[in-house]
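Residue numbers (the numbering used here): 517 to 724.
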Ligand SMILES: [Zn+2]
C-alpha cells in the first residue's frame, strides 16, 4: 500500500485571509489536482488531513464542509484523480483534542485505516503543523512551497520551526516528479521533454 497524506489549505487550495466557509470560496492551487491524479495513476492512495477549527468555533457547519469537499472531489475527478478520504479535526484550539495537528491523532487514524508502516507514509504539506504531525507519526516529510511556505524555495536552508529531515519541493507537482520513477514513453519520445500518458478518468463513489 502506497499512501500520501496531504494537507488541504495552502496545499490543495490557496490560503485566503480567512477560513473557507463555503464551496463557492474553494478553488484549487494550479497544478495541484493534476499532481494528485499522477500519484493515483502510479498506485498511490491520497488522503487529506486537515484542521478545521472553524467548525468548533461555529463559523460553518459540517454540511458546508461536506459541500466544500464534494466540490474538491469533483474537480480532482475531472482531471482523472481521486482523493480517497478527507479526515478533519473539527475542534477549536482550546478544546484540547488529540486530533488537531500538530498532534498526530488524525494521521494515526489514517495510517491505521490503511495499515501502512509509519516510515512508508509520505506526509506532504505547506505548513509546519502538518509536518510536525507527520514527524510525530514517524513518516517521510515533504514541504511544498505554496500557501504559507510560498516565500521558500528548494535548495535554501530548512527554516527554523520545521522538523529535521523535511524535504523541500517547489510545488506538489515537483514532489510527485521526485517520488515517481521516471518512465520514458515507449512511442516516439520527444528529446528533452517528459512524456506523460493521458490520465484515465476515474468514476465511482467518492468516499468522504
Ligand atoms: Zn481535534
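We put the CB at the ideal spot given by N, CA and C, even for glycine. No experiment lies behind these values; they were computed from the predicted model shown.
For residue 524, the CB stays at least 7 Å from every heavy atom of ligand 1. For residue 629, the CB stays at least 7 Å from every heavy atom of ligand 1.
In the three-state reduction of the DSSP assignment, residue 561 falls in the strand class, which pools E and B. With contacts defined as CB atoms closer than 8 Å, residue 545 and residue 556 fail to qualify as a contacting pair. In the DSSP annotation of this structure, the continuous segment of the alpha helix (DSSP H) that includes residue 647 starts and ends at 644-653. For residue 664, the secondary structure class from DSSP, reduced to helix, strand or coil, is helix. Taken through DSSP and simplified to helix, strand or coil, residue 686 comes out as coil.
Listed as beta-bridge partners of residue 525 by DSSP are 529. The DSSP-derived three-state label of residue 543 is coil. When 678, 566, 679 and 673 are compared, the shortest CA-CA separation from residue 623 is found for 566.
Using a 10 angstroms sphere on the CB of residue 637, the tally of other CB atoms reaches 16 or more, which defines it as buried. Taken from the Cβ of residue 661, every heavy atom of ligand 1 lies 7 Å or farther away. For the pair residue 645 and residue 618, the Cα-to-Cα distance works out to about 5 Å. Rounded to the nearest angstrom, the gap between the Cα atoms of residue 648 and residue 585 is 24 Å.
Boundaries of the alpha helix (DSSP H) harbouring residue 592: 578-594, taken from the DSSP string. Within its own chain, the residues whose Cβ lies closer than 8 Å to the Cβ of residue 669, once the five positions on either side in sequence are excluded, are 661, 684 and 686, listed in chain order.
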